[in-house]
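Here the protein sequences come in this chain order: A and B. If you count the first sequence from 1, position 12 lands on 11 in numbering that gives the first Met the number 0, and the numbers rise without skipping. If you count the second sequence from 1, position 180 lands on 179 in numbering that gives the first Met the number 0, and the numbers rise without skipping. Glycine included, C-beta positions come from ideal geometry on N, C-alpha and C. One structure is given here, and the rest of the page talks about it.
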Amino acid sequence: MPGATNGVFEMPKTTYINAQEGIKSWLLTGDHKRIAILYLISISIFFALGGIFAALIRIELLTPGPDLEAEMYNRAFTAHGIVMVFMFLIPAIPAVLGNFLLPIMIGARDLAFPKVNLLSWYLYMIGGLLTLSAMLMGGVDTGWTFYTPYSTSYSQSYVFLTGLGIFIMGFSSITTGLNFVITTHKMRAPGMTWSRLPLFVWSQYATSLVMLLGTPVIAITVVLLAAERVFGVGVFNPNLGGDPVLFQHLFWFYSHPAVYIMVLPAMGVISELIAAFSRRRVFGYSFVAFSSLAIAIFGFLVWGHHLFVSGQSAYAGIIFSLLSFIVAIPSAVKVFNWTTTLYKGSISYETPMLYALAFIGLFAIGGLTGLFCAALGLDVHITDTYFIIAHFHYVMVGATVIAYLGGIHYWWPKMTGRTYPEFWGKLSAMLIYVGFNLTFFPQFILGYLGMPRRYHVYPPEYQVLNVLSTAGASVLAIGFMMPVFYLLWSLKFGPVAGPNPWGAKGLEWETASPPPTLNFDATPIVTEEAYAYDAEAEESAYQAALQQAKHAK
Amino acid sequence: MWAFLVTEVMFFGGLFLAYTFLRWKYHDAVVAASGHLDWILGGVNTGVLLISSLTMAMAVHAAQEGKRKATVNFLILTMILGAVFLGVKAFEYSHKWHDGLFPGFNFHWTENPGYAGGAEMFLFLYFVMTGLHGLHMVVGIGLVAWIIKRANRGDFTPEYNIPVEITGLYWHFVDIVWIFLYPLLYLIQPPHH
């Protein structure tokens with residue numbers, strides 16, 4: 000294995016972690032790395048919470064009959080959706096990994112607006128806690144999509160408070176997006192040209208654009224929704240002369256691009272991982288970079304494919320269907336470039352690489368089944384069935400969560416200065432992979448057979464597949480819990496990592512682990528392109544080392 | 000700041016979409032309801048805002064030339080004009096309440112009953128759009144006040160005056176939103192009273 004460390008490093012004396020002491024120094028920090036850690040902690044807690052709701056759903060679906068009341072079940076899947084989408088998936092990679100890495104990767108001392116960055120965390124927490132308090136008081140039963148007129152006129156639950164929380168969290172993502180765009184434009188180190196940016200930065204940049212353009216629309220939609228509930232005026236309510244389809248248009252105008260807010264940063268992570276563990280320059284760098292922008296742009300033109308059965312005009316349906324197929328092109332460009340990067344690389348299988356390979360497989364399934372959903376005729380059959388559930392979980396969990404975990408493992412030594420136990424890392428990665436497929440693959444079949452989503456009871460013939468799915472969810476849960484334990488363990492007992500435990504390229508590996516408060520001792524000067532790896536030299540050095548080991552025996 | 004303004008455009012964009020839909024679906028009711036808005040007061044406010052944009056531009060210019068006194072004076076003028084705008088707006092709002100044209104809580108439509116639903120929705124959008132715009136004005140006045148304080152302290156020089164310029168950009172943006180709101184809401188048809 001190239002770049003292995005033998006525990007000969009010492010922890011650096013002053014790092015961003017011990018530069019200042021006390022809770023207050025964390026809560027009032029402007030340091031992007033500390034803010035990333037604040038996000039990491041809060042996001043992990045929300046993820047666990049969302050997982051508990053998911054467990055409720057899977058327990059209910061273990062048997063065909065009702066265990067929970069229908070009302071309770073509605074609240075459980077709504078809570079699961081809201082927590083996972085708005086409080087975990089959207090902020091996860093940008094706010095944790097992006098915050099931590101983006102300035103370091105471009106050789107900057109911090110983000111352009113450190114105070115705004117801190118503000119974004121507070122907005123996130125305030126919004127998150129408001130939404131959470133709505134859940135504690137009884138929750139929402141509308142589904143995370145808040146379709147009108149149910150959400151405006153009939154639901155007896157805490158729609159207003161939840162909406163307010165989501166509105167506020169929206170501003171957290173707008174401020175993060177602003178910060179990233181401006182930082183990428185203005186604060187690159189000397190020599191860090193656009194064509195030398197790591198692909199992670201490119202993908203964060205594309206994501207930020209989507210955040211800037213999309214989030215305000217959902218914000219205003221939520222305002223209208225809330226105002227409608229308060230004032231009893233019906234912009235979206237057909238009884239009062241409004242149009243519920245207008246809500247669906249506005250909602251998906253954000254919420255479809257939001258899928259790209261979730262998956263684009265994940266793709267950025269994967270580009271880094273694949274390059275680092277196959278020791279090769281990412282094949283077709285500029286194609287991968289520009290496909291991120293292409294996804295960001297096309298992503299705004301496909302929202303209508305959520306409305307195929309809503310009564311939108313057939314012509315609109317055909318065009319949206321066509322545009323949705325087009326998004327598959329830049330996505331496939333990335334997958335092909337990653338696999339080509341592996342070719343003739345000097346590949347090693349550490350935990351992050353396992354996650355990266357899992358990502359490629361799962362994302363391919365998620366993406367290809369996306370084409371089923373984009374096909375106008377077929378979608379009419381599978382709309383609102385478990386096929387859709389399986390499809391978007393393959394994209395959101397199979398791609399985003401997997402990439403997030405891969406990224407956390409890859410940069411964990413950078414964030415904490417210590418390495419985690421590789422054996423447990425690999426084991427949990429494999430458990431997650433197996434558990435995930437066992438949970439969601441049966442749902443494709445269930446959906447194809449016609450099991451609708453959002454029902455707490457189902458006909459007995461669906462039970463076998465549902466039992467499989469619940470069993471998979473249990474394995475998945477164990478896989479997700481393991482990193483919590485061994486990563487926390489590594490904080491105290493893990494071997495000291497040194498600045499570059501993976502032997503990887505990129506500015507973040509040139510500074511100490513954990514980095515000092517201003518990231519670098521001196522402003523770095525960039526003289527080479529991103530991923531200037533030499534796979535052949537790495538491989539022959541590795542073979543030579545093997546030979547030597549044999550001789551020594 | 001330009002990036003931030005883009006998000007603002009999208010923010011108001013959602014409302015304009017809702018407006019377009021409403022106007023298309025309930026054309027006659029919208030026209031009838033629009034007749035209840037006072038185009039003269041709205042026009043006065045448009046003038047007030049346009050002048051405030053001018054004083055704002057003068058303030059930015061003065062800051063670039065390093066004229067502290069002029070900068071502060073123009074900024075104060077801008078702030079006063081912004082306050083006048085809000086005052087007129089508050090007067091209009093209270094009138095609507097009096098006339099029973101406040102959606103939800105106090106809405107009595109006495110004309111053609113077929114128009115009631117569309118008219119209520121129009122007034123609802125009127126309050127949401129102008130209310131949001133008013134909120135932006137309040138933020139703008141706060142920003143100007145902050146800039147006045149800094150200008151007084153002598154923070155700005157011909158080399159460093161970005162905060163003045165950025166505040167100016169924001170102020171102009173809020174004005175432009177009004178330039179769109181005014182004809183769309185007030186000037187749909189010649190008033191019949």
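- Judged by beta-carbon spacing, A/F286 lies within the 8 Å limit of A/N336, meaning their Cβ atoms are closer than that value.
- Collapsing the DSSP output to three states places B/L100 in a strand.
- The beta carbon of A/V180 sits closer than 8 Å to some beta carbon of chain B.
- Taken through DSSP and simplified to helix, strand or coil, B/N111 comes out as coil.
- Spatial neighbours of A/M10 in its own chain (CB-CB distance under 7 Å, excluding positions within 5 residues in sequence) are listed in chain order as G416 and V495.
- With a threshold of 8 Å between beta carbons, A/L163 makes no contact with chain B.
- Under DSSP, the beta-bridge partners assigned to A/T384 are A/P451.
- Here the C-alpha atom of A/L129 lies approximately 7 Å from the C-alpha atom of A/L160.
- Burial check for A/Y419: the Cβ neighbour count within 10 Å reaches 16 or more, so the residue is buried.
- Judged by DSSP in its simplified three-state form, A/N465 adopts helix.
- The beta carbon of B/V59 is closer than 8 Å to those of N160, V163, E164 and G167 in its chain, skipping five residues each way along the sequence.
- Here B/N151 carries a helix assignment [DSSP, helix/strand/coil].
- A/G406 places its beta carbon less than 8 Å from that of A/V268.
- Rounded to whole angstroms, the gap between the alpha carbons of A/P102 and A/W143 is 33 Å.
- A buried status is given to B/E119, since no fewer than 16 other beta-carbon atoms sit within 10 Å of its beta-carbon.
- The distance from the Cβ of A/F199 to that of A/E271 is about 5 Å, consistent with a contact at the 8 Å cut-off.
- Under the 8 Å Cβ criterion, the stretch 299-312 of chain A does not count as touching the stretch 351-366 of chain A, having fewer than three qualifying pairs.
- A distance below 7 Å between beta-carbons, with the five flanking residues on each side excluded, links A/S119 to the following residues of its chain, in chain order: S171, T174 and T175.
- Boundaries of the alpha helix (DSSP H) harbouring B/E7: W1 to K24, taken from the DSSP string.
- Taking the beta carbon of B/A17 as reference, the chain A residues within 7 Å of it are L223, V234 and L245, listed in sequence order.
- Counting every other CB atom within 10 Å of its CB across the protein chains shown gives A/P237 a total below 16, marking it as exposed.
- Taken atom to atom, the span from the alpha-carbon of A/S207 to that of A/A543 is near 45 Å.
- In the three-state reduction of the DSSP assignment, A/N17 falls in the coil class.
- If you draw a straight line from the Cα of A/M191 to the Cα of A/I524, it comes to about 8 Å.
- Residues of chain A whose Cβ lies closer than 8 Å to the Cβ of B/M120 are, in chain order, V232, G233, V234, L239, G240 and G241.
- A/L467 sits away from A/L486, with the two beta carbons spaced by 8 Å or more.
- Taking a C-beta distance under 8 Å as the contact criterion, A/S254 and A/A534 do not qualify as a contact pair.
- Taking 8 Å as the CB threshold, B/M136 stays off the interface with chain A.
- If you check each beta-carbon in the stretch 202-222 of chain A against every beta-carbon of chain B, the ones closer than 8 Å belong to L211, L212, G213, T214, P215, V216, A218, I219, T220 and V222.
- Contact fails between the stretch 236-252 of chain A and the stretch 280-297 of chain A, because fewer than three Cβ pairs, one in each stretch, are under 8 Å apart.
- Contact between the stretch 76-91 of chain A and the stretch 49-61 of chain A is established, with three or more Cβ pairs separated by less than 8 Å.
- Residue burial is scored here from C-beta neighbours: A/M450 has at least 16 other C-beta atoms within 10 angstroms and is therefore classed as buried.
- Against chain A, the CB of B/F172 has no partner CB under 8 Å away; the residue lies outside that interface.
- Using a Cβ-Cβ cut-off of 8 Å, B/F10 counts as an interface residue toward chain A, since at least one Cβ of chain A sits closer than that to its own.
- Against B/A2, the close residues of chain A are L177, V180, I181 and L211, in the order they occur along the chain (beta-carbon pairs closer than 7 Å).
- In the displayed model, A/N499 falls within coil according to three-state DSSP, outside both helix and strand.
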